[in-house]
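Numbering (the numbering used here), first residue to last: 1398 to 1835.
A virtual CB, placed ideally from N, CA and C, is assigned to each residue, including glycine.
Predicted, not measured: the structure shown is a model, and the values here were computed from it.
Below: the structure, in structure tokens.
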């Protein structure tokens, strides 16, 4: 292997740009994964053959949802049970196995938030098994069995008994009329209707059976009353919103929406229910088994906590950028106390400087200087300090007549009380010492 192929020790294996791109890509993927988990996008498609807003089988309501979207309505599908009380027109499409208490709780809780459209189930449907699906079958398509009335039809407290019935004329296409329009049903042999006297009819078949109606609770709903067959006196000023029951789901499901007249009826029903109010249309998915409860990740990407999440992400980005643009390699930390006499002297000097007791070392410094001069000038060692200083002054006059007296400089050093004065006197004393021993 050539030397050029060997990575030099301490060098970077990646360029700065490559490292930055790798970090950014990893961070974006991580944040996207957290958002997908929090938003519930990891659960896959809800097109499972059920009768709900994302079901594309004959019993589903995907065509109703898409048509309302193209007509300019503000739409969303609700999977969080806590969001069903928010303002908007709520469309409920419960299955046969739904609980009457759950439906009643949702209807009661939404009465002051917006209108409610309850579409009853009718067809027993089964998703087409893969082994039976041909080349033309698509995801979500179903096999329809016979008509079956929901068992909870008379047990919803918010509505009372619906008195459902299912009959028709075999081998013919059933008809309907309402909202100033008329049309046909895909299967006239199984027409589901309600006969409860608590509802005001909106859509009927040619025999007068009620296919869709709104709850007669004594309040005035002008948009719906205009389309009703009869308009009894109402009490104005109610804070409650209407509840509309569609007993015949073929008016709104994918099978029925194949007819242009049925599509027009669906849009007319939405507009009459909203009665000019600017509200979103919310299609419930919780009763169909697609409920999703909120978690910490969901809250992290939901206002007002979204602002905190963005601030934390921005702070992490700034910390990462600061670490990326720092200069050079990290500095290697040395020993706390170095080896050698120089380090020892430096540490001792630092200790004296930190304690601010420099005046305590002036006399020892003077004594060491006097001892060195005694040895250098061969002076008597038994003489006292004053006699020694006089001898040093006589030697200094011979070698440096213009220099200040050694004894006077020593007195300045001993009398110094400020660090600057002590250092200046020590320097002068050292200078005199050099003139005598050179």
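Segment limits, beta strand (DSSP E) that includes residue i
i: residue 1578; result: 1578-1581
i: residue 1862; result: Any question about residue 1862 goes unanswered here, given that the chain covers just 1398 to 1835.
i: residue 1803; result: Counting along the chain, residue 1803 falls outside any beta strand (DSSP E), though it belongs to the alpha helix (DSSP H) covering 1803-1812.
i: residue 1474; result: 1472-1475
i: residue 1799; result: Element bounds for residue 1799: n/a, residue is neither H nor E.
i: residue 1560; result: Careful: residue 1560 lies outside any beta strand (DSSP E) and carries neither H nor E.
i: residue 1681; result: 1678-1681
Closest residue to residue i among the options (Cα-Cα distance)
i: residue 1519; options: 1572, 1448, 1413, 1578; result: 1448
i: residue 1544; options: 1561, 1538, 1605; result: 1561
i: residue 1494; options: 1521, 1616, 1511, 1422; result: 1521
i: residue 1553; options: 1581, 1540, 1505; result: 1505
i: residue 1413; options: 1722, 1789, 1662; result: 1722
i: residue 1496; options: 1779, 1760, 1646, 1686; result: 1686
i: residue 1671; options: 1415, 1705, 1513, 1557; result: 1513
i: residue 1699; options: 1423, 1432, 1669; result: 1432
i: residue 1817; options: 1745, 1759, 1575, 1719; result: 1759
i: residue 1636; options: 1655, 1620, 1653, 1616; result: 1616
i: residue 1714; options: 1419, 1415, 1424; result: 1424
i: residue 1640; options: 1609, 1720, 1462; result: 1609
i: residue 1462; options: 1746, 1667, 1427; result: 1667
Nearest-angstrom Cβ-Cβ length linking residue i and residue j, presumed shorter than 8 Å
i: residue 1602; j: residue 1572; result: 6 Å
i: residue 1550; j: residue 1517; result: 7 Å
i: residue 1599; j: residue 1644; result: Wrong, their Cβ atoms sit about 11 Å apart, outside the cutoff.
i: residue 1489; j: residue 1663; result: With 8 Å as the limit, residue 1489 and residue 1663 do not qualify as a contact, their Cβ atoms being about 15 Å apart.
i: residue 1541; j: residue 1456; result: 7 Å
i: residue 1822; j: residue 1810; result: 4 Å
i: residue 1625; j: residue 1597; result: 5 Å
Assigned exposure category for residue i - 16 Cβ within 10 Å defines buried
i: residue 1508; result: buried
i: residue 1593; result: buried
i: residue 1824; result: exposed
i: residue 1451; result: buried
i: residue 1606; result: buried
i: residue 1567; result: Only weak support exists for where residue 1567 lies, its pLDDT of 49 falling under 50; the coordinates are left without a value.
i: residue 1819; result: buried
i: residue 1831; result: exposed
i: residue 1736; result: exposed
i: residue 1642; result: buried
Limits of the unbroken alpha helix (DSSP H) element including residue i
i: residue 1741; result: 1738-1752
i: residue 1710; result: 1702-1721
i: residue 1828; result: 1816-1834
i: residue 1589; result: Note, residue 1589: premise wrong, no alpha helix (DSSP H); beta strand (DSSP E) at 1588-1591.
i: residue 1523; result: No alpha helix (DSSP H) holds residue 1523; the beta strand (DSSP E) holding it covers 1520-1524.
i: residue 1618; result: Careful: residue 1618 lies outside any alpha helix (DSSP H) and carries neither H nor E.
i: residue 1661; result: 1657-1671
i: residue 1393; result: The structure shown does not extend to residue 1393, since the chain is modelled only from 1398 to 1835, so the question has no answer here.
i: residue 1504; result: 1497-1507
Nonlocal neighbours in the same chain, by C-beta distance under 6 Å from residue i, ignoring five residues either side
i: residue 1773; result: 1834
i: residue 1683; result: 1478
i: residue 1647; result: 1582, 1583, 1653
Residues near residue i by beta carbon distance below 7 Å, same chain, minus five either side
i: residue 1676; result: 1484, 1485, 1486, 1511
i: residue 1459; result: 1450, 1451, 1452, 1453, 1651
i: residue 1814; result: 1756
i: residue 1564; result: 1588
i: residue 1829; result: 1793, 1800, 1803, 1806
i: residue 1569; result: Confidence at residue 1569 is low in this model, with a pLDDT of 49, below 50, so the placement of that residue should be treated as unreliable; the coordinate-derived value is given next. The answer, listed in chain order, is 1585.
i: residue 1558; result: 1551, 1593
i: residue 1788; result: 1776
Same chain, Cβ closer than 8 Å to residue i, five either side skipped, listed in chain order
i: residue 1481; result: 1475, 1487, 1503, 1506, 1507, 1679, 1681, 1683
i: residue 1500; result: 1489, 1491, 1515, 1549, 1553, 1555, 1684
i: residue 1534; result: 1525
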